[in-house]
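Working notes for the structure below.
Residue numbers (UniProt numbering): 1 to 633.
Set out below in structure tokens:
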């Protein structure tokens, strides 16, 4: 570590508000406390020179003092192993030229897991900065039978200790009062980072045990219950079976539970389209409203119930504490391809969207592992692909029971998700063999105690997913749908034309040009048109198909919904080929832009786009040719 001494300018004469830095382990409630303190008075940016998120805010105490607050990235140690931990170390030690050194450090700890959290506190304390301890989640600790003597803990640590409950209104008041009591702050000089190296890890663990023995008592009933559950859930044989059954049940529910609300949404848009068709005269305006907006936006919005059902289960598994266990279960599998179970969280995030998955790879210590995780994150089936999968499956796969216990459509969806996971593991294995580097890395991850999911957190999570999806439908997808309608409507068809008007439009010309490239994998010119706006957002492809086929049908040929139209227009090999394409489909432009920022390399973004396009084309080609040979065109 670097050796540095730096003055902290927090003398009473300083007119600037004191800077309070919140630091702690991941999942200690630090960000919730930051939100409770600052409310709407916060801004989010990136640290200078890196893409790691920087949260800064301000608040006024009841005593009239103003404080600036920094929410530092979560860290387990100042001996940095990840980019996040490096930022926290540099800010705390005052090593970043663009950031003032904090005047006060608030160490936020999880009261239910002091054994892990206090290690960072003891490390930071050796720097000699003004500090206080925020004992968060004390309400949860009491429910579990854990009794913490706050006064004794403060005596053992030699710093003020306050109790906080970041998720409850007023849960931050004791912390604010303690900060007021620390004013005016003396001017101090930080000790060098080498002070941390001077104490061994073993000595720090012994000190943690001594402090806990002196200040903490009671049995953690939740921990003992969790251990009993883990004896089954983490069993080397039963554990993977339980995980597979859970995932299989989730994908069955996506189709089975969503049928009724999807029918209601479809009926509502059909009724709206009928009304507009009846009252708006024939012409471009009617075409824009009915074929463009209703056909495009409605065709995407209908899949909202399936997306919410999928995330309903993911949020429950996350909130109850099961997902970290899934990481450990998959650690052995990932170790076989050169990754550790720590890659599980970024990859899991990619099921929602590849962008947060790519960004979450910052927590991976090994540089090669981080790069490989970023490259395979798009192979996880993001929620934007679900509308495409659901549309094609509904059109070509009958809804019937298999073996009397499972829905065939849900089974196909499950297979598509598994195909993405297996492909990601194979790509990681190839990269491991070609890039070199060390093999398996040890996985260290906190396993929280099991608990019932919080209904408020579940509701907020579902609301956020719904808001994100509907916002995309109302902005990106609506805009692209209107643009596609314009390209599909002009110029008009020539006199005596034998094809639908869209065939002669700008979009038709582009689609027919791309058809030469995609015909070998079974794609017609209508599908080729839909692939182009799909580069901006995957789910736009569904709206684009709705618009294109609405405008390429005449008279009574257009059915009430898109699925029957596709079933009448494509053969089964084409449908299977399109599903295979979207397992590997090249990423949207936003994801490629994020990859460029995270890797600081344009070549990495081009590499991702290139290898995904190649995989998608080969997979679709093989699927189309083999299925054609077996079942015909």
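By construction, the Cβ of each residue, glycine as well, lies at the ideal position given by its N, Cα and C atoms.
Leaving aside the five residues before and after residue i along the sequence, list all residues of the same chain whose C-beta is less than 6 Å from its C-beta, in chain order.
i           : result
residue 277 : 290
residue 121 : 107
residue 314 : none
residue 502 : 488, 508, 551, 552
residue 514 : 528
residue 30  : 22, 24, 108
Note the first and the last residue of the continuous beta strand (DSSP E) segment covering residue i.
i           : result
residue 362 : Run containing residue 362: none; DSSP gives neither H nor E here.
residue 105 : 104–110
residue 461 : No beta strand (DSSP E) contains residue 461, which is instead part of the alpha helix (DSSP H) from 455–472.
Which same chain residues, not among the five before or five after residue i, have their C-beta less than 8 Å away from its C-beta?
i           : result
residue 4   : In this predicted model, residue 4 has a pLDDT of only 42, less than 50, meaning its place in the structure is not dependable; the value taken from the coordinates is given anyway. Closer than 8 Å at the Cβ level, and outside the excluded window around residue 4, lie 93, 94, 95, 190, 192, 193.
residue 414 : 247, 248, 251, 252
residue 627 : 572, 573, 576, 577
residue 589 : 535, 536
residue 477 : 296, 297, 300, 537, 539, 540, 543
Where does residue i sit, in a helix, a strand or coil, going by DSSP?
i           : result
residue 638 : No information on residue 638 is available, as it lies outside the stretch 1 to 633 that the chain covers here.
residue 400 : coil
residue 139 : helix
residue 405 : coil
residue 545 : helix
residue 131 : strand
residue 163 : strand
residue 121 : helix
residue 624 : helix
residue 147 : strand
residue 568 : helix
residue 551 : helix
residue 638 : Residue coverage of the chain in this structure runs from 1 to 633, which leaves residue 638 outside it and unanswerable.
residue 629 : helix
residue 227 : helix
Output the boundary residues of the alpha helix (DSSP H) element that contains residue i.
i           : result
residue 303 : Taken as a continuous stretch (DSSP letters only), residue 303 belongs to no alpha helix (DSSP H), as it is neither H nor E.
residue 21  : Note, residue 21: premise wrong, no alpha helix (DSSP H); beta strand (DSSP E) at 19–23.
residue 213 : 201–215
residue 71  : First-last for residue 71: 66–71, but that is the beta strand (DSSP E), not the alpha helix (DSSP H).
residue 574 : 572–584
residue 490 : Neither: residue 490 is in no alpha helix (DSSP H) and is coded neither H nor E.
residue 59  : First-last for residue 59: 53–60, but that is the beta strand (DSSP E), not the alpha helix (DSSP H).
residue 525 : 525–531
residue 184 : Unbroken run through residue 184: none, as it is neither H nor E.
residue 598 : 589–599
What separation, rounded to the nearest whole angstrom, lies between the Cα atoms of residue i and residue j?
i           : j           : result
residue 274 : residue 398 : 28 Å
residue 504 : residue 487 : 10 Å
residue 172 : residue 65  : 15 Å
residue 347 : residue 148 : 37 Å
residue 211 : residue 234 : 31 Å
residue 293 : residue 390 : 20 Å
residue 639 : residue 351 : The chain is shown only over 1 to 633; residue 639 falls outside these bounds and no answer can be derived.
residue 618 : residue 241 : 32 Å
residue 89  : residue 529 : 50 Å
residue 339 : residue 178 : 44 Å
residue 328 : residue 162 : 34 Å
residue 506 : residue 484 : 9 Å
residue 109 : residue 136 : 6 Å
residue 663 : residue 373 : Outside the displayed range of the chain (1 to 633) lies residue 663, so it cannot be described from this structure.
residue 403 : residue 631 : 23 Å
residue 602 : residue 609 : 11 Å
residue 229 : residue 318 : 16 Å
residue 406 : residue 545 : 30 Å
residue 225 : residue 138 : 19 Å
residue 401 : residue 582 : 25 Å
residue 641 : residue 481 : The structure shown has nothing for residue 641, since the chain only spans 1 to 633.
residue 337 : residue 433 : 9 Å
residue 516 : residue 455 : 52 Å
residue 83  : residue 75  : 10 Å
Just to confirm my understanding: we take residue i, look at its own chain, exclude 5 residues before and 5 after, and list those with CB closer than 7 Å. What are they?
i           : result
residue 605 : 592, 595, 596
residue 32  : 166, 167
residue 360 : 345, 346, 349
residue 316 : 453, 458
residue 243 : 326, 329
residue 587 : 354, 378, 608, 609, 612
So residue i and residue j are supposed to be a Cβ contact under 8 Å. How far apart are they, rounded?
i           : j           : result
residue 321 : residue 160 : In fact, because the Cβ distance is near 31 Å, the residues do not count as touching under 8 Å.
residue 379 : residue 326 : Residue 379 to residue 326, Cβ: 18 Å. No contact.
residue 541 : residue 388 : 6 Å
residue 307 : residue 386 : 6 Å
residue 420 : residue 381 : 5 Å
residue 22  : residue 78  : So it is not a contact: roughly 15 Å between Cβ atoms.
Using a C-beta cutoff of 8 Å, does residue i count as contacting chain B?
i           : result
residue 454 : Among the protein chains of the structure shown there is no chain B, as only one such chain exists.
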